[in-house]
Amino acid sequence: MAEVKLHYINVRGKMESIRWLLTVAQVEFDEFFLTTREEYLKLLNDGDLMFQQVPMVEIDGMKLIQTKAILNYIAEKYSLHGKDIKDRVMINMYSEGLMDLNEMIITLPFSTDEKSKLDIIETKAKERYLPVFEKQLCDHIYLVGGKVSLADVLLLECTLMLEEKFPGILGDFRNIKSFQGRMTQIPAISRFLQPGSKRKPQQDKTLTKTVNEVFNYNIKIP
Ligand code: GSN
5 MAEVKLHYIN VRGKMESIRW LLTVAQVEFD EFFLTTREEY LKLLNDGDLM
55 FQQVPMVEID GMKLIQTKAI LNYIAEKYSL HGKDIKDRVM INMYSEGLMD
105 LNEMIITLPF STDEKSKLDI IETKAKERYL PVFEKQLCDH IYLVGGKVSL
155 ADVLLLECTL MLEEKFPGIL GDFRNIKSFQ GRMTQIPAIS RFLQPGSKRK
205 PQQDKTLTKT VNEVFNYNIK IP
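Everything in the sequence shown is counted per our numbering, starting at 5 for the first residue and increasing by one.
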């Protein structure tokens, strides 16, 4: 059994970026999927969830929660967080922007008006986020410090998700497209993109039932 254990539901959600980062760091992990309220309550009653929330990751004898804290720990540990504090703050700025965009995409299935939310995402992606990365990648192979970092991993994940929703969205962003090409040649990433890997499929509204059951939410099922 792998030493790193992920506890979440069997969807992309907030855990998917952690799966991506571990993959790039070439760290093996096992997954434990919450499918019932009882399984979630067991984690809670065992005192494993500091704020009663998942993602939770068991690593190095700790039970880590809070997605960003987990990503930062893994990035630090596996040299994916820059060489100094100036690199790190840039990586964090890029990463925070990408997490904002990512959040809009992963919460789409819970939206009552998916069409208008899709329009907002497309506009924000094209006008606010993608131009930033396109400009930086004009004369840089990777976003910060000439080597792969957390920010690059999140950019690849996010742009692949955008293309699932808006095929051709990178038509005007050739540097990002080339960057995707470079990143997907990294063997661990190439394997992760193959069928049968631990990468999760696009989310749809069927996940609402599980989320309502496990977390006692009351999200309307269309
Ligand atoms: O980013 C984080 O890890 C936290 N700031 C939020 C985690 C979170 O919202 N987890 C949800 C399930 S997955 N959602 O996106 C959760 O555990 N909800 C249970 C609850 O009672 O809040």
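Every residue gets a Cβ at the ideal spot worked out from N, C-alpha and C, and that includes glycine.
Closer than 6 Å by C-beta to Ala79: which residues in its own chain qualify, once you throw out the five before and the five after it? Chain order, please.
-> Counting from 1 along the sequence shown, the entry for residue 79 is found at position 75. These residues qualify, in order along the chain: His85 and Leu154.
Fully enclosed by the segment 54-94, which alpha helix (DSSP H) runs are 4 residues long or longer?
-> 71-81
For Ile225 and Ser83, the rounded distance between their alpha carbons | Taking the first residue of the sequence shown as position 1, residue 83 is located at position 79. Taking the first residue of the sequence shown as position 1, residue 225 is located at position 221. Those two C-alpha atoms are separated by around 42 Å.
Is the beta carbon of Leu25 sitting closer than 8 Å to the one on Val8?
-> Looking up residue 25 in the sequence shown gives position 21. Looking up residue 8 in the sequence shown gives position 4. Cβ atoms of Leu25 and Val8: not closer than 8 Å.
Can you pull the DSSP bridge partners for Glu32?
-> Here residue 32 corresponds to residue number 28 of the sequence shown, with the count starting at 1. Partner(s): none; Glu32 has no beta bridge.
In angstroms, rounded to a whole number, what distance separates the CA positions of Lys67 and Phe137?
-> Along the sequence shown, one-based indexing puts residue 67 at 63. Along the sequence shown, one-based indexing puts residue 137 at 133. If you take the alpha carbons of Lys67 and Phe137, they lie about 33 Å apart.
Status (buried if at least 16 other CB within 10 Å, exposed otherwise) for Ile109 | Translated into the one-based positions of the sequence shown, residue 109 becomes position 105. By the 10 Å Cβ count, Ile109 comes out buried.
In three-state terms, what does DSSP make of Phe37?
-> Here residue 37 refers to the residue found at position 33 of the sequence shown. Correct three-state label for Phe37: strand.
DSSP on Tyr12, reduced to helix/strand/coil?
-> Translated into the one-based positions of the sequence shown, residue 12 becomes position 8. Strand at Tyr12.
Following the continuous alpha helix (DSSP H) through Gln184, name the residue where it begins and the one where it ends.
-> What you label residue 184 is simply residue 180 of the sequence shown in a count that begins at 1. Taken as a continuous stretch (DSSP letters only), the alpha helix (DSSP H) holding Gln184 covers Arg178 to Thr188.
Opening and closing residue of the alpha helix (DSSP H) in which Met165 lies = Indexing the sequence shown from 1 puts residue 165 at position 161. Start and end: Leu154 to Lys169.
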